[in-house]
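A short worksheet on the structure shown next.
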Amino acid sequence: MFGFKKKEKIDLPLQVPKHIGIIMDGNGRWAKKRMQPRVFGHKAGMEALQNVTIAAKNLGVQALTVYAFSTENWKRPEKEVKFIMNLPVEFYERYVPELHKNNVKIQMIGDTNRLPEATYQALCKAEELTKLNTGLILNFALNYGGRAEVTQAIRMIAQDVLDAKFNPGDISEEMVDDYLQTSILPRVLRDPELIIRTSGELRLSNFLPWQSAYSELYFTDTLWPDFDEKALEMAIREYSRRNRRFGAI
Ligand code: FPP
């Protein structure tokens, strides 16, 4: 008997990235679709972040860096900025206990000098509480800007050259890496293998420009508050496919 054997669709095993960066975009549009104020979307976005963090931990992701507030976000209306800046306070009270139970370690990068005191203190308390945890690292990029980070690293390197700690010729990529804010992460986790951006925008917006040199980029139209465990798995499935193709060459 002749006939074509039906090709079976095989679900490949997931290759889980060690470090995922997420640009959590679309909160405002999500709220607008529901005829709600923009801040309603940020609140829902915080809930999504909690669920995605636990889902990522369950999938075996070791670090998540989430873009919570960029250096450009200060240009938003004062009321909205105030609301976003208060989120870490609420986050600490409402969500951090569950993350702590899940062995999640909380850290932050960004220019913390400009953060309101209560925002900064809430994050410090979360860091302190979870500092001995050995599970997934949840790294908040808050008042973060990639170019500012690189500029600051250059300043520190230049100062160390002036102080005769080393010569310009000694500067290596590894050394630059150590001057970036992501040096708070273990070396093998500094560069995200995968960067996800929600809400259909196709750019990185000053997010981890040095660290993303080899990252796979995944863009989805899903608005951040709708991004869930399934959506994360889909992104990782796509990453696994890309990795498999390149790995074979
Ligand atoms: C971008 O959406 C989102 C932000 C600038 C804020 C993201 C913050 C969270 C998801 C909560 C994080 C939680 C803590 C604890 C800090 P947008 O407002 O630009 O949406 P739009 O493009 O639809 O207007």
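Quick note, the sequence shown lines up with residues 55 to 303 if you use the numbering used here.
Note that CB positions come from ideal geometry on N, CA and C, so glycine has one too.
7 Å Cβ cutoff met for residue i and residue j
i, j, result
"ALA110", "LEU118", "yes"
"GLY19", "PRO263", "Lying outside 55 to 303, the shown extent of the chain, residue 19 is not represented and no answer is given."
"GLY114", "PRO246", "no"
"GLN69", "LEU243", "no"
"LEU192", "THR107", "yes"
"LEU256", "PHE273", "yes"
"MET139", "THR173", "yes"
"LYS261", "TYR121", "Contrary to the premise, residue 261 reads as Phe rather than Lys in this sequence. Going by C-beta atoms, PHE261 is nearer than 7 Å to TYR121."
"ILE77", "ARG251", "yes"
"THR125", "ALA195", "no"
"ASN105", "ASP282", "yes"
"ARG5", "ASN127", "Limits of the chain in this structure are 55 at one end and 303 at the other, which puts residue 5 out of reach."
Environment of residue i [buried if 16+ CB atoms lie within 10 Å]
i, result
"GLY80", "buried"
"THR188", "exposed"
"PRO67", "exposed"
"ALA207", "buried"
"ALA267", "exposed"
"SER253", "buried"
"PHE145", "buried"
"ALA212", "exposed"
"ALA218", "exposed"
Near the ligand FPP: residue i beta-carbon under 6 Å from a heavy atom
i, result
"PRO263", "no"
"ARG83", "yes"
"ASN127", "yes"
"PRO170", "no"
"GLY75", "no"
"PRO151", "no"
"GLY80", "yes"
"PRO142", "yes"
"ALA207", "no"
"ALA122", "yes"
"HIS96", "yes"
"MET100", "yes"
"PHE145", "yes"
"LEU103", "yes"
Straight-line gap, residue i to residue j (C-alpha atoms, nearest Å)
i, j, result
"LYS284", "THR276", "12 Å"
"PRO131", "ARG92", "11 Å"
"LEU83", "GLY95", "According to the sequence displayed, residue 83 carries Arg and not Leu. Spanning the two alpha carbons is a distance of roughly 8 Å."
"GLU134", "VAL215", "42 Å"
"PHE123", "ALA289", "23 Å"
"GLU287", "ASN156", "19 Å"
"GLN265", "VAL204", "10 Å"
"VAL230", "GLU171", "30 Å"
"LYS72", "MET100", "22 Å"
"TRP278", "ASN297", "25 Å"
"ASP232", "GLU182", "22 Å"
"ARG88", "ALA98", "12 Å"
"PRO222", "GLU228", "14 Å"
"ALA347", "ASP224", "The requested residue 347 is not part of the displayed model; the chain covers only 55 to 303."
"MET153", "ARG241", "Note that residue 153 is Leu in the sequence shown, not Met. C-alpha separation (whole angstroms): 23 Å."
"GLN90", "PHE137", "15 Å"
"ARG209", "ASN112", "39 Å"
"LEU271", "ARG291", "13 Å"
Supposed contact pair residue j and residue i - C-beta distance, whole angstroms, cut 8 Å
i, j, result
"PRO142", "LEU177", "5 Å"
"ILE160", "THR184", "5 Å"
"ILE238", "SER269", "In fact, because the Cβ distance is near 19 Å, the residues do not count as touching under 8 Å."
"LEU190", "VAL158", "5 Å"
Closer than 6 Å: residue i CB and nearest the ligand MG heavy atom
i, result
"GLN213", "The ligand content of the structure shown is limited to the ligand FPP, which means the ligand MG is not among them."
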